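Participant:
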Amino acid sequence: MEKKKIRNDLILIFVIFALCISAIVIVLLSHRRKDNLVAKVYVRNDVVEVIDLSIKEERLYEIEGTEGYLTISAKNGGVAVIHSDCPNQDCVHMGYVYETNRPIICIHNGVYIIIVGKAFNDVEAG
Amino acid sequence: MKNVHKLALIAILTAGAIVISIIESFIPSVGIPGIKLGLANILILVTLYELGVKEAIFVNISRVLLSALLRGTIFGMGFFMSVSGAVFSFLAMLLLFLLIKKFSIIGVSVVGSIFHVLAQLAVAWIYLGSVVVFVYLPFIMLSALLTGIFVGAVARLIIKTGIIKKQKETYNF
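Protein chains in written order, with the numbering used here: chain A, 1057 to 1182; chain B, 406 to 578.
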């Protein structure tokens, strides 16, 4: 009985592991790096800022989230949250993001930032 | 809960679960802020296996409320994620423990851990109103799988030492 349960455990663990690994591969492969990118900043599903990433100089944007303010910086084709009024600062720790498959999510402020191609402006990436 | 010894034991388990919850809040989460892995499930599982369903529900509710109060995050976004994670993970574990009975404590813990992150992800999805949160799903699932194995193994070790069984026999509850 105990042996059978452990065998079931192993099957379960293996199935979940295989699913995760294949999904991770798909996400990593879906990354496209293009020159014509924009970063879209959303506050609870409304676009509040569209940042052109082709400009090299650093630009700062102040965004009002649901709980406080965020400062977003864009330079050299990347975008980062450099200040946020949230308890756990995880979005700040992510640093600059250059890829289309790595959205910055700040759940406490209801803010998320995704990088999309200019041509695909109205298609949601991810 | 008429037995004083049982009450004391439940209090110790609750205190332990709260400490684990607070320590866990210092560990940065994968991809989406606020998603926790559910290490406190170690003591929830021990309670469920050794003392019973009612006691485990009690420990779980006190754990969620008290750790949120102590961290000052009560009724924030993180609190709702933590509540939904605790509820769904507990329901999933209960289903496997009481009805399906085909998995050992490690399998039960893995399923609990996965439902813990899925529920939190669902709250994030509803709040943001965007499927963008699911980009991180595979990474979060993988970390939940590893946490689940770890949690189950630790809970199994605690049960194997027989500390709680000895208490139960000495003070018969």
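Glycine included, every Cβ here is placed at the ideal spot set by N, Cα and C. Since the model is a prediction, treat every value here as computed from it, not as a measurement.
Which class does A1074(A) belong to by DSSP, given the choice of helix, strand or coil?
Facilitator: In the first sequence, the residue the question calls residue 1074(A) occupies position 18. Reduced to three states, the DSSP call for A1074(A) is helix.
Participant: What is the DSSP secondary structure of E574(B), reduced to helix, strand or coil?
Facilitator: On the second sequence, residue 574(B) is found 169 positions in, with the first residue counted as 1. Here E574(B) sits in helix by DSSP.
Participant: When you compare only the Cα positions, how much space is there between F555(B) and F544(B)?
Facilitator: Numbered from 1 along the second sequence, position 150 holds the residue referred to as residue 555(B). Numbered from 1 along the second sequence, position 139 holds the residue referred to as residue 544(B). C-alpha separation (whole angstroms): 17 Å.
Participant: Checking contacts by CB at 7 Å: is N1092(A) closer than that to chain B?
Facilitator: Here the question's residue 1092(A) lines up with position 36 in the first sequence. No - not a single Cβ of chain B is within 7 Å of the one on N1092(A).
Participant: Please state if the CB of A445(B) and the CB of A422(B) are separated by a distance shorter than 7 Å.
Facilitator: What you label residue 422(B) is simply residue 17 of the second sequence in a count that begins at 1. What you label residue 445(B) is simply residue 40 of the second sequence in a count that begins at 1. Yes, they are a contact pair.
Participant: Excluding the five sequence neighbours on either side, which residues of its own chain have a C-beta within less than 6 Å of the C-beta of T1122(A), listed in chain order?
Facilitator: Here residue 1122(A) corresponds to residue number 66 of the first sequence, with the count starting at 1. So the qualifying residues of the chain are N1165, G1166.
Participant: Could you give the C-beta distance for L1109(A) and I1171(A), rounded to a whole number, given that I count them as a contact under 8 Å?
Facilitator: On the first sequence, position 53 is the one that residue 1109(A) refers to. On the first sequence, position 115 is the one that residue 1171(A) refers to. So it is a contact: roughly 7 Å between Cβ atoms.
Participant: Nearest by alpha-carbon distance to C1147(A): which of I1077(A), C1162(A), D1141(A), N1157(A) is it?
Facilitator: Here residue 1147(A) is taken as the residue at index 91 of the first sequence, counted from 1. When each option's Cα is compared against that of C1147(A), the closest is C1162(A).
Participant: Would you mind listing the alpha helix (DSSP H) stretches within the segment 425-467 of chain B that are 4+ residues and don't spill past its ends, in chain order?
Facilitator: Runs of the alpha helix (DSSP H) inside the segment 425-467 of chain B: 446-455.
Participant: Whose C-alpha, out of A1130(A), T1127(A), G1151(A), R1100(A), is nearest the C-alpha of V536(B)?
Facilitator: Translated into positions along the second sequence, residue 536(B) becomes position 131. Nearest of A1130(A), T1127(A), G1151(A), R1100(A) to V536(B), Cα basis: R1100(A).
Participant: Under the rule that 16 or more other beta-carbon atoms within 10 Å means buried, what is Y1168(A), buried or exposed?
Facilitator: The residue you call residue 1168(A) lines up with position 112 of the first sequence. With 16 or more neighbouring CB atoms inside 10 Å of its own CB, Y1168(A) falls in the buried class.
Participant: Evaluate Y1098(A) with the Cβ neighbour count: other Cβ atoms within 10 Å of its Cβ, from every protein chain shown; 16 or more gives buried, anything less gives exposed.
Facilitator: For the purposes of this step, residue 1098(A) is identified with residue 42 of the first sequence, where counting begins at 1. With 16 or more other Cβ atoms within 10 Å, it is buried.
Participant: Anyone know if the C-beta pair for M1033(A) and I1160(A) falls short of 7 Å?
Facilitator: Since the first residue shown for chain A is 1057 and the last is 1182, residue 1033(A) is missing from the structure and cannot be characterised.
Participant: Check the Cβ-Cβ distances between H1139(A) and every residue of chain B, and say whether any is below 7 Å.
Facilitator: Stepping through the first sequence from its first residue, residue 1139(A) is reached at position 83. Not closer than 7 Å to any Cβ of chain B, the Cβ of H1139(A) fails to qualify, so no.
Participant: Could you name the residues of chain A that M546(B) contacts, counting a contact when the two beta carbons are closer than 8 Å?
Facilitator: Position 141 of the second sequence, counted from the first residue, corresponds to residue 546(B). Chain A residues near M546(B): I1072, L1075, C1076, A1079.
Participant: Got a sec, what are the start and stop residues for the beta strand (DSSP E) Y532(B) sits in?
Facilitator: Numbered from its first residue, the second sequence carries residue 532(B) at position 127. Here Y532(B) belongs to no beta strand (DSSP E); instead the alpha helix (DSSP H) covers 510-533.
Participant: Run through DSSP, which three-state label would C1162(A) get?
Facilitator: Position 106 of the first sequence, counted from the start, is the residue given in the question as residue 1162(A). Strand, per DSSP.
Participant: So, is the C-beta of H1087(A) closer than 7 Å to a C-beta in chain B?
Facilitator: Numbered from its first residue, the first sequence carries residue 1087(A) at position 31. No, because no Cβ of chain B sits closer than 7 Å to the Cβ of H1087(A).
Participant: Provide the residue(s) that pair with V1083(A) in DSSP beta bridges, ordered along the chain.
Facilitator: On the first sequence, position 27 is the one that residue 1083(A) refers to. V1083(A) pairs with nothing; no bridge assigned.
Participant: Does the distance from the C-beta atom of V1094(A) to that of K1174(A) stay below 7 Å?
Facilitator: Position 38 of the first sequence, counted from the start, is the residue given in the question as residue 1094(A). Position 118 of the first sequence, counted from the start, is the residue given in the question as residue 1174(A). Yes. Within cutoff.
Participant: Might you give, ordered along the chain, the residues of its own chain that have their beta carbon closer than 6 Å to the beta carbon of L448(B), omitting 5 neighbours on each side?
Facilitator: Within the second sequence, numbered from 1, the residue matching residue 448(B) stands at position 43. Excluding residues within five positions, the ones whose Cβ falls inside 6 Å are L418, G421, A422.
Participant: Output yes if chain E places a C-beta closer than 7 Å to the C-beta of A529(B); else output no.
Facilitator: Any reference to chain E falls outside this structure, whose protein chains are A and B.
Participant: Using the beta-carbon of each residue, which ones in chain B are nearer than 9 Å to V1083(A)?
Facilitator: The residue given as residue 1083(A) occupies position 27 in the first sequence. By Cβ distance, chain B contributes V540, Y541, L542, P543, F544.
Participant: If we cut at 7 Å on Cβ distances, does D1065(A) have a partner in chain B?
Facilitator: What you label residue 1065(A) is simply residue 9 of the first sequence in a count that begins at 1. It does: the Cβ of D1065(A) has a partner Cβ on chain B nearer than 7 Å.
Participant: Spatial neighbours of V538(B) within its chain, please: C-beta separation below 8 Å, excluding the five flanking residues on both sides.
Facilitator: The sequence position of residue 538(B) within the second sequence is 133, counting from 1. I437, L526, A529, W530.
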